[in-house]
Structure formats: structure tokens, C-alpha cells
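**Q**
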């Protein structure tokens with residue numbers, strides 16, 4: 005047994021341990037979710053359906069940047085809130101550099117002429133990106149509470165009436181609602197995204213809320229108490245996930261976040277691969293930046309150990325992609341070193357706990373908690389069909405997301421690249437020939453294609469060369485995952501031409 009093979013095995017083993025621990029922590033959130041603890045609200049708190057002067061004044065902030073395809077529907081939707089018109093104002097915080105500025109201002113002027121309290125606030129410097137826009141917008145906001153919506157959201161008219169009442173509890177600083185999906189059935193890509201987001205907005209968010217763990221404001225579809233933002237130090241732009249950062253700072257100040265699983269806010273999922281990649285890059289890199297920034301403070305804080313542990317796993321969640329990528333790449337030489345290392349895979353059965361935990365979490369979120377019109381068995385059949393593809397594409401994104409995580413931990417700064425939306429709602433809609441699509445193939449996409457070939461060769465020649473089929477299905481899934489990510493990245497670039 006040479007030193008090189010031992011090093012490979014140790015790194016591979018540690019990667020499996022990290023993945024297993026992460027999945028087991030997810031199953032602990034599932035336990036909290038199913039337990040539905042006493043921390044959850046017991047009674048509905050929707051405010052009265054009257055134009056009462058006692059209702060608090062709310063500022064609705066709409067931060068946008070180059071959203072020409074969806075900005076009109078956004079403003080129209082918010083203006084349709086059934087909250088008393090004299091008790092809320094709308095601020096369109098526009099950093100755009102294209103025709104979005106003309107479209108947004110015209111729509112604001114239209115509603116202002118109808119008597120709505122609505123203002124168009126345009127910046128030309130983009131300092132601090134979204135966090136900077138929200139911070140500067142606070143100077144002009146009159147509301148005791150601040151509701152925030154990204155450009156792709158279409159909340160229901162009763163959104164404010166269903167959320168504001170929770171602030172009767174003076175400890176509640178934030179109310180976050182569940183994301184719904186306008187275009188879930190548009191393509192395989194949107195279905196698989198919905199599968200992951202439904203886990204976050206059921207098991208993860210409600211599980212953390214039920215278990216009295218630290219959770220997060222998701223950047224949109226929620227309401228802040230103005231005093232909470234100010235007490236926590238305000239919006240800061242030193243991470244790409246300003247929402248996650250402020251969430252933790254607020255909770256460490258003693259404020260609580262109320263998560264409402266039963267209140268949905270529809271939104272548009274990225275419909276093309278490069279938009280999804282930009283979103284994933286921002287989320288994973290921002291998560292690593294926030295972990296680097298906040299973990300020392302969390303472990304020094306006088307909070308329960310449970311909150312520290314789950315908070316650490318939460319903030320370091322994006323690091324799972326490093327382990328996924330390492331174990332994937334190293335599985336090929338491991339396959340050839342099995343005899344040399346005298347590995348007994350019987351003892352590796354403990355790592356199957358990770359698979360069991362992961363399947364359980366996704367089953368509960370996407371089958372048991374499903375809000376679709378399909379019956380149980382049809383939903384279960386779809387889940388059985390889609391889940392292996394979801395795993396494959398998640399592994400296929402591991403290279404792209406690992407780069408983002410490493411950059412986050414190393415402190416390499418990058419711009420806030422927003423995810424373009426194209427007003428995709430039904431199967432007849434298209435993003436072909438639209439602006440905002442990427443125009444060149446990146447080196448990461450090329451590497452994803454090479455990794456697809458790497459795992460395909462391993463799947464084809466590995467069993468005949470080594471005599472073991474232990475990695476055969478795994479390598480096929482990796483080949484499919486990296487291949488699909490590469491294929492759609494290139495295909496969606498070509499749509500621009």
C-alpha cells in the first residue's frame with residue numbers, strides 16, 4: 005500500500021463522513037418538522053378585513069436591476085394588495101441600466117396618477133448592489149414594517165393581511181413566507197429546482213422554526229420590522245447573501261423569525277441553465293462568505309448549543325459541494341485501489357444512512373407535503389422518476405458550486421450577478437432571442453464536459469478492468485449529471501444567436 009493510495013482513501017473517507025453528517029443533520033430537521041413543536045403559531049393572526057386606521061403603515065420595497073420582462077407585472081401585482089391604500093407605500097428601487105428604467109417609471113407614474121403612494125427611486129452607481137439599494141431605500145421609507153419582493157415574485161393580494169398580524173408578538177422581527185413556483189412544470193430543469201426549493205421551504209425552514217433553531221429571511225417574500233433592521237446594524241454588502249447575513253445578526257440580537265409554511269408567494273424559477281448557475285453561484289458563495297463572517301460570533305454568543313450546531317451546518321451547507329466533487333473524482337482511483345487498500349465495503353454500509361436520510365427528507369417535502377393537484381400515487385411516481393435525476397444534476401453542479409464556495413472562503417470578491425427572468429409562466433412561453441442570456445462558453449462548462457467523459461469512461465471500463473461493479477451506477481449518474489449541465493449550458497447560450 006503506497007502513500008498516494010492512502011492519501012486518496014483518507015480524503016475520500018473524510019468526504020463521505022462530511023456528506024453523511026450533513027444528511028443526518030437534515031434528518032434531524034425532519035424530526036423537528038414532523039414533531040411540529042410548540043414554537044409554532046397556534047392561531048391565525050390575519051388582520052381584519054376593514055380599512056382600519058389601527059393597521060400599521062408598511063413600505064413595500066421592490067429592488068430591481070434590468071428586469072424589463074417582469075417589472076410591469078410586479079408593480080401591478082403589488083398595487084393590487086387589499087391592504088388599505090393609505091396604509092402602505094411602494095418604492096421601486098431601480099438600479100437598471102437598460103430600458104427597464106423607462107418601463108418601470110412609466111408604470112409608477114400610471115399608478116401614482118391613480119392615487120397610489122408609489123415612488124420610483126433610481127440609482128446609477130449600484131454601490132452595494134441589492135444590499136446597497138435596500139439600505140439607501142430605508143432613508144426614504146416611512147413604514148414601521150418593510151416588505152421586500154424581488155422582481156420575479158407575484159404575491160397574493162392578501163399577503164400583508166396574512167403576515168402583519170404576527171408582529172403583535174414584540175419578539176418577532178421578521179416574517180418569512182413560503183415560495184411557490186409559477187412555472188414549475190415548464191421543463192425538467194424547473195421541476196428539479198422546485199424539488200430542492202420545496203425541501204428548503206418545508207423541512208428546513210419549518211424544521212428550524214419548530215426546533216427553535218436559527219433560520220433565515222430568504223431575501224424576498226417577507227416582512228421586516230424596521231426596528232429589527234436598525235438594531236441588527238442594517239443592510240451590509242460584504243457578502244453576496246445580504247439576507248442571510250442580516251438574518252443571523254438580527255437573531256443574535258434576540259429577535260425571532262416567524263416562518264409561515266401555509267402562506268405562499270408565487271415566483272418564477274430560472275428557466276435556462278446559465279441563469280440557474282448564476283443563482284447557485286451567488287447563493288453558495290454568499291453562504292460561504294456569511295459563514296466566514298458570522299461563525300465566530302455565533303460560537304461566542306450566549307445561545308443554546310443546538311442553535312450553534314444547526315447554525316453552523318446551515319451556514320456551511322454550501323460546503324457540501326466540495327465533498328461531493330472530491331468523493332466523485334476520487335471514486336475512480338479508489339475503484340482501482342480497492343485490492344491494494346484491502347477495503348471491506350461491508351463497513352461502508354454506515355454511509356448508506358446518508359442516502360436513507362436524504363430520500364426521507366425529499367419524500368416528505370415533495371410527496372407528503374405536496375400541494376399539487378395530483379393524487380398521492382401519481383405524485384409518488386413522479387418523485388421516484390425525478391429524484392435520481394435531481395441527484396445527478398446536483399452532483400453535476402458540484403464543480404461550479406465548489407469554485408463559488410472556495411472563492412467565498414478565500415475572500416475573493418465578485419459582483420452581485422442577478423438571475424434574469426423572462427416572464428415564463430406556461431409551456432407556450434419562451435426565452436429564445438431574449439436579452440440577458442450569456443454569450444460565451446466558460447472554462448467551467450468545458451471542465452464539466454470533460455468530467456462527464458471521465459465518469460463515462462469509468463463506468464464503461466472500470467468494472468471490466470477491476471472486476472467490481474460497486475461504482476457502476478454512481479459513475480453513470482455522475483456522467484449524466486455533468487453531461488446534462490454542460491449540454492444545457494451550451495444549448496442555452498446558442499439561443500441568443
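Numbering (our numbering), first residue to last: 5 to 501. The beta carbon of each residue, even a glycine, is placed where N, CA and C say it ideally should be.
Tell me the rounded alpha-carbon separation between residue 112 and residue 119.
**A** 11 Å
**Q** In whole angstroms, what is the alpha-carbon distance linking residue 265 and residue 468?
**A** Distance between the alpha carbons of residue 265 and residue 468: 50 Å.
**Q** Which stretch, first to last residue, makes up the beta strand (DSSP E) that contains residue 264?
**A** 260 to 271
**Q** Let me know the secondary structure DSSP gives residue 467 once reduced to three states.
**A** helix
**Q** Tell me where the beta strand (DSSP E) around residue 151 begins and ends.
**A** Annotation for residue 151: the continuous beta strand (DSSP E) segment containing it runs 149 to 152.
**Q** Run the CB neighbour count on residue 510, radius 10 Å, all protein chains shown included, and call it buried at 16 or more, exposed below.
**A** One cannot answer for residue 510 here, as it falls past the ends of the chain, which runs 5 to 501.
**Q** Contact between the region 256 to 270 and the region 169 to 187: three or more CB pairs below 8 Å?
**A** yes
**Q** Give the DSSP bridge partners of residue 227, in chain order.
**A** 151 and 179
**Q** Return the first residue and the last residue of the alpha helix (DSSP H) that residue 11 is part of.
**A** 7 to 39
**Q** Along the chain, which unbroken stretches of the beta strand (DSSP E) at least 3 residues long are found entirely within the region 173 to 223?
**A** 176 to 185
**Q** When burial is assigned at 16 or more other CB atoms within 10 Å of the CB, is residue 203 buried or exposed?
**A** buried
**Q** Does residue 117 pass the burial test, meaning 16 or more other C-beta atoms within 10 Å, or should it be called exposed?
**A** exposed
**Q** Counting C-beta neighbours from all protein chains within 10 Å, is the total for residue 144 16 or more, i.e. buried, or is it exposed?
**A** By the 10 Å Cβ count, residue 144 comes out exposed.
**Q** Is there contact here, the region 153 to 173 with the region 82 to 93, by at least three beta-carbon pairs under 8 Å?
**A** The answer is yes - the region 82 to 93 touches the region 153 to 173, with three or more Cβ pairs under 8 Å.
**Q** Counting C-beta neighbours from all protein chains within 10 Å, is the total for residue 290 16 or more, i.e. buried, or is it exposed?
**A** buried
**Q** Does the Cβ-Cβ distance between residue 325 and residue 406 come in under 8 Å?
**A** With contacts defined as CB atoms closer than 8 Å, residue 325 and residue 406 qualify as a contacting pair.
**Q** How big is the Cα-Cα spacing for residue 73 and residue 227?
**A** The alpha-carbon atoms of residue 73 and residue 227 are separated by roughly 25 Å.
**Q** Using DSSP bridges, identify the partner residues of residue 97.
**A** 67 and 125
**Q** Going straight from the alpha carbon of residue 209 to that of residue 133, what length do you get?
**A** 26 Å
**Q** Write down the C-beta distance between residue 492 and residue 277 rounded to the nearest angstrom, noting that I regard them as a contact closer than 8 Å.
**A** Residue 492 to residue 277, Cβ: 4 Å. Contact.
**Q** Measure the beta-carbon distance from residue 64 to residue 95 and round it to whole angstroms, keeping in mind my assumption that it falls under 8 Å.
**A** 7 Å
**Q** Would you call the region 254 to 262 and the region 473 to 489 touching, i.e. three or more CB-CB distances under 8 Å?
**A** no
**Q** Which residues mark the beginning and the end of the alpha helix (DSSP H) in which residue 165 is found?
**A** 163 to 167
**Q** Which residues share a DSSP beta bridge with residue 336?
**A** In the DSSP output, where bridge partners are listed per residue, residue 336 has none listed.
**Q** Hey, which unbroken runs of the alpha helix (DSSP H) at 4 residues or more fall wholly within the region 389 to 439?
**A** 402 to 414
**Q** Am I right that residue 489 and residue 401 are in contact with their C-beta atoms under 8 Å? What's the rounded C-beta distance?
**A** That pair is a contact at about 6 Å.
**Q** Since residue 28 contacts residue 395 with CB under 8 Å, what's their CB separation in whole angstroms?
**A** In fact, because the Cβ distance is near 17 Å, the residues do not count as touching under 8 Å.
**Q** Looking only at its own chain, which residues have a Cβ that is under 7 Å from the Cβ of residue 283, when we skip the five neighbours before and after it?
**A** 274 and 423
**Q** Over the uninterrupted alpha helix (DSSP H) stretch that includes residue 362, give me the two end residues.
**A** 356 to 367
**Q** Which value, in whole angstroms, describes the spacing of the CA atoms of residue 190 and residue 184?
**A** 14 Å
**Q** Would you call the CB atoms of residue 462 and residue 285 closer than 8 Å?
**A** No, the pair does not count as a contact, with Cβ atoms beyond the cut-off.
**Q** Taking all protein chains shown into account, decide if residue 125 is buried (16 or more other Cβ within 10 angstroms of its Cβ) or exposed.
**A** With 16 or more Cβ atoms within 10 Å of its Cβ, residue 125 is classed as buried.
**Q** Using C-beta distances below 6 Å, list every residue in its chain close to residue 466, excluding the 5 sequence neighbours before and after it, in chain order.
**A** Cβ neighbours of residue 466 beyond the five flanking positions: 339.
**Q** Are residue 97 and residue 66 closer than 8 Å when you measure CB to CB?
**A** yes
**Q** Are residue 70 and residue 104 touching if we call contact CB-CB under 8 Å?
**A** yes
**Q** For residue 484, does the three-state DSSP call read helix, strand or coil?
**A** helix
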